[in-house]
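S.K.:
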Amino acid sequence: MNVSSSPTSFDGTCASIHAAPTDFARDYCAFIAASPTAYHAAAAITAVLSNAGFRQQNEGDAWAGTRTGFTSRDGAVIAWRIPEHWESDAGVRIVGAHTDSPSFHVKPIADTETLTYGQVNVEVYGGPLLNSWLNRDLGLAGRLVMFNGEEKLVHTDAVMTIPQIAPHLDRSANKELKLSAQRDYHPIWNISGKSIIPYVADVAGVKAADIAAMDVFAYDTQPPRLLGEAESNFIAAGRQDNLSSVYAALSAFVQTQQCPDIQVFAAFNNEEIGSRTYSGAAGTFLESVLRRIVEHERGVGSEAFERALAHSSCVSADAGHAVNPNRPDLHDPSHQVLLGSGPLVKIHSSGAYASTALTQALLERAARTAGVKLQAFVSHNDVPCGTTIGPLTTTRLGIATVDCGIPLLSMHSVRELSSPIDLRDFAQLLAAYMEA
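According to the working numbering, the sequence shown holds residues 347 to 782 in order.
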């Protein structure tokens, strides 16, 4: 049986944020390999937090008042560190990221047989660069929910692929590639007619009949790696949008010291599909955790929560676009964001990003403290930009927010490119924000 016994050598710790960029990047690569889905990423995050001495708080239990704790739900994790003396004029410093990435989600009726080929029924999750998923060695990973309520994480090794039509059969393929998400993105996985569900169940060590439902996704099984001159120029890996921010923020969070404010690390799920879910940034998860922390510290029925928010700030950490050297015309000519030149701060006058002059200045001060250079990302006026959890957080909670991240090439591709220097510097920048 083609089973992956372990997705990675990730040991549940983060590299020092003061390590050499390549050393920091190698541990990041292990973290990515351990996180083929948001559910695996949440498990890796909780392992790091537990190893660093943070205690888990069950949301359904009475709030214990743990000063270094975390709670998790549905592929999302929020952790906090409360100072020994939290004064009435202090607030909260939040770094928020997201654990999910574009992919293909397996449909409830998972099997189709066409001309003896066993195929897996999938639907598009988020906004992947679709053509990059063709002809790749794909595995399946996610969670199985059993009838008894137990959740089981599962990942397979390479088990399927999406074959592309040869140019002999489609002479336009190298000129104008047109693909249907329903017709052309239908992976094949065998020629025996067997169902995929018993296979996944067998890998997970459960019986298919005991599975009530599942969230299982395709993922590229090619391991992350460093490449370029002396393996120091680029990190090539999938899911860097947005595991780059998760890893940098988590590393910074567990390695910072106390400051006058409460420090919060938040990794949400489902940003790629709009965040309007139980574990997404548009929901109540962060607000609920913050309210319970403040009310435990200050008591219920006062203005303490609103006062704390008024003294708070948030860094929305999400990857951004580097200039593609083959298409610089798609970027603003005065804002040429480059790999290896530092993290970026995202600015958009229409509010697609939450940054303002005040919050940008806050980040610039942290960058000066950390000795890190910031690049400004502003979209080409004729090219629409995406958005992040930043506007959601600042709108829902009224917290001053800035959007930033590391630059990527090939964003939303099955294999994205980043710089080890930018990643390490981003972790140092976030650490300076959290404790300066």
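A virtual CB, placed ideally from N, CA and C, is assigned to each residue, including glycine.
Determine, using beta-carbon pairs with one atom in the segment 431-447 and one in the segment 735-748, whether at least three such pairs fall under 8 Å.
M.R.: Yes: the two stretches touch, three or more of their Cβ pairs being nearer than 8 Å.
S.K.: Check whether the segment 730-743 and the segment 617-629 touch, using three or more Cβ-Cβ pairs below 8 Å as the test.
M.R.: With the cut-off at 8 Å, the segment 730-743 and the segment 617-629 touch.
S.K.: Straight-line CA distance for Glu633 to Leu523?
M.R.: Those two C-alpha atoms are separated by around 45 Å.
S.K.: In whole angstroms, what is the alpha-carbon distance linking Ile557 and Ile542?
M.R.: When rounded, the distance between both Cα atoms is 13 Å.
S.K.: Looking only at C-alpha atoms, which of Ala582, Arg637 and Glu641 sits nearest to Arg372?
M.R.: Answer by Cα proximity: Ala582.
S.K.: Rounded to the nearest angstrom, how far is the Cβ of His386 from that of Ala487, given a contact under 8 Å?
M.R.: Yes, His386 and Ala487 are in contact; Cβ-Cβ is about 6 Å, under 8 Å.
S.K.: Going by beta carbon distance, what residues of the same chain come within less than 7 Å of Asp420, once the five residues before and after it are set aside?
M.R.: The answer, listed in chain order, is Asn615, Tyr624 and Ser625.
S.K.: When the Cα atoms are used, what is the spatial distance from Asp503 to Thr567?
M.R.: Asp503 and Thr567: Cα-Cα distance of roughly 7 Å.
S.K.: Suppose the cutoff is 8 Å on Cβ atoms and the five residues either side in sequence are ignored; what does the same chain contact list for Gln403 look like?
M.R.: Here the set comprises Trp409, Ala410, Thr412, Gly415, Phe416 and Thr417.
S.K.: Sort Ser526, Val592 and Phe723 by Cα distance to Ala443 and report the nearest one.
M.R.: For Ala443, the nearest C-alpha among the options comes from Val592.
S.K.: Put Met560 into one of helix, strand or coil per three-state DSSP.
M.R.: In the structure shown, Met560 sits in a strand (DSSP, three-state: E or B).
S.K.: Tell me, which residues are paired with Val468 by DSSP?
M.R.: Looking at the DSSP assignment, Val468 forms a beta bridge with Val452.
S.K.: Restricting to Cα atoms, I'd like to know which of Ile608, Gly666 and Glu617 is closest to Val640.
M.R.: It is Ile608 whose Cα lies nearest to the Cα of Val640.
S.K.: Going by DSSP, name the residue or residues bridged to His501.
M.R.: DSSP lists Ala487 as partners of His501.
S.K.: Please classify Tyr779 as buried or exposed, where buried requires at least 16 neighbouring CB atoms within 10 angstroms.
M.R.: Buried: at least 16 other Cβ atoms inside 10 Å.
S.K.: Would you call the segment 595-609 and the segment 709-717 touching, i.e. three or more CB-CB distances under 8 Å?
M.R.: Contact between the segment 595-609 and the segment 709-717 is absent, because fewer than three Cβ pairs lie under 8 Å.
S.K.: On the DSSP letters alone, give me the boundaries of the beta strand (DSSP E) that Gly539 sits inside.
M.R.: Element bounds for Gly539: n/a, residue is neither H nor E.
S.K.: Going along the chain, which unbroken runs of the alpha helix (DSSP H) with 4 or more residues stay wholly within the segment 377-443?
M.R.: List check, alpha helix (DSSP H) in window: 384-397.
S.K.: Provide the residue span of the alpha helix (DSSP H) that contains Phe580, from first to last.
M.R.: No alpha helix (DSSP H) contains Phe580, which is instead part of the beta strand (DSSP E) from Phe580 to Ala583.
S.K.: Quick check for students: name the residue ranges of the alpha helix (DSSP H) that lie wholly in the segment 709-773, counting only runs of 4 or more.
M.R.: Whole alpha helix (DSSP H) segments, 4+ residues: 736-743.
S.K.: Output yes or no for whether 8 Å exceeds the beta carbon distance between Pro448 and Pro474.
M.R.: Yes, the Cβ-Cβ distance between Pro448 and Pro474 is below 8 Å.
S.K.: Excluding sequence positions up to five away, which residues of its chain have a Cβ less than 8 Å from the Cβ of Cys375?
M.R.: Pro569, Pro570, Arg571, Leu572, Ile581 and Ala583, listed in sequence order.
S.K.: Give the straight-line distance between the Cα atoms of Ile679 and Leu525, rounded to the nearest whole angstrom.
M.R.: The sequence given here places Pro at residue 679; Ile does not occur at that position. Those two C-alpha atoms are separated by around 32 Å.
S.K.: Rounded to whole angstroms, how far is the Cβ of Ala665 from the Cβ of Gln604, which I believe are closer than 8 Å?
M.R.: With 8 Å as the limit, Ala665 and Gln604 do not qualify as a contact, their Cβ atoms being about 29 Å apart.
S.K.: For Gly666, write down the residues that DSSP places opposite it in a beta bridge.
M.R.: In the DSSP output, where bridge partners are listed per residue, Gly666 has Pro753.
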